[in-house]
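Q:
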Amino acid sequence: MEKRFRVEADLEGELAELYAGILQAFEKGGSTSLREMNRTLLQTGMLLHLSLMSSFGLLGDEEAERLKVVAENVAGDHLMWEIAQLAAEHWSGDGGSIDLKA
């Protein structure tokens with residue numbers, strides 16, 4: 313059975329200011345709808361949190377692997393997925409810099 317969630321949030325202060333700036337950039341960029349922008353922001357945040365939680369050992373090995381497969385299915389063609397993978401490699405390794413231009 314497919315899961316479905318409706319997510320709503322109230323933003324205020326600097327977080328609202330950050331959201332407004334991102335919204336403005338998306339609007340200038342062209343044809344992305346507000347719904348798609350919000351979905352992309354949520355998806356990117358979830359991918360980042362999954363990477364962090366996995367690298368910090370907050371998920372069991374089986375659950376981490378299961379969620380990794382789900383994340384790859386969801387985000388395989390998502391630009392931010394490549395950045396999330398770079399971050400995951402960084403946090404699971406010895407550190408160092410990440411070359412986002414590569």
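In the numbering used here, each residue carries its 1-based index in the sequence shown increased by 312.
Beta carbons are placed, not taken as given, at the ideal position from N, Cα and C, and that holds for glycine.
1. When you compare only the Cα positions, how much space is there between N385 and L335?
2. Below 6 Å CB to CB, which residues in the same chain sit around R351 once its five sequence neighbours on both sides are set aside?
3. Can you name, in chain order, every residue of its own chain whose Cβ lies under 8 Å from the Cβ of M349, other than the five neighbours on each side?
4. Could you spell out where the alpha helix (DSSP H) holding L371 opens and where it closes?
5. Straight-line CA distance for L364 to K340?
6. Keeping to the same chain, check which residues put their C-beta closer than 7 Å to that of Y331; ignore five residues upstream and five downstream.
7. My output table needs one value for V420: the three-state DSSP class, helix, strand or coil.
8. Quick one: what's got a C-beta closer than 6 Å to T344's C-beta in the same chain, skipping five residues either side?
A: According to the structure shown:
1. 26 Å
2. none
3. Spatial neighbours of M349 in its own chain (CB-CB distance under 8 Å, excluding positions within 5 residues in sequence) are listed in chain order as I334, L335, F338.
4. L371 -> no alpha helix (DSSP H), and no H or E assigned at all.
5. When rounded, the distance between both Cα atoms is 31 Å.
6. The residues are L323.
7. Residue 420 is absent from the structure shown; the chain starts at 313 and stops at 414.
8. F338
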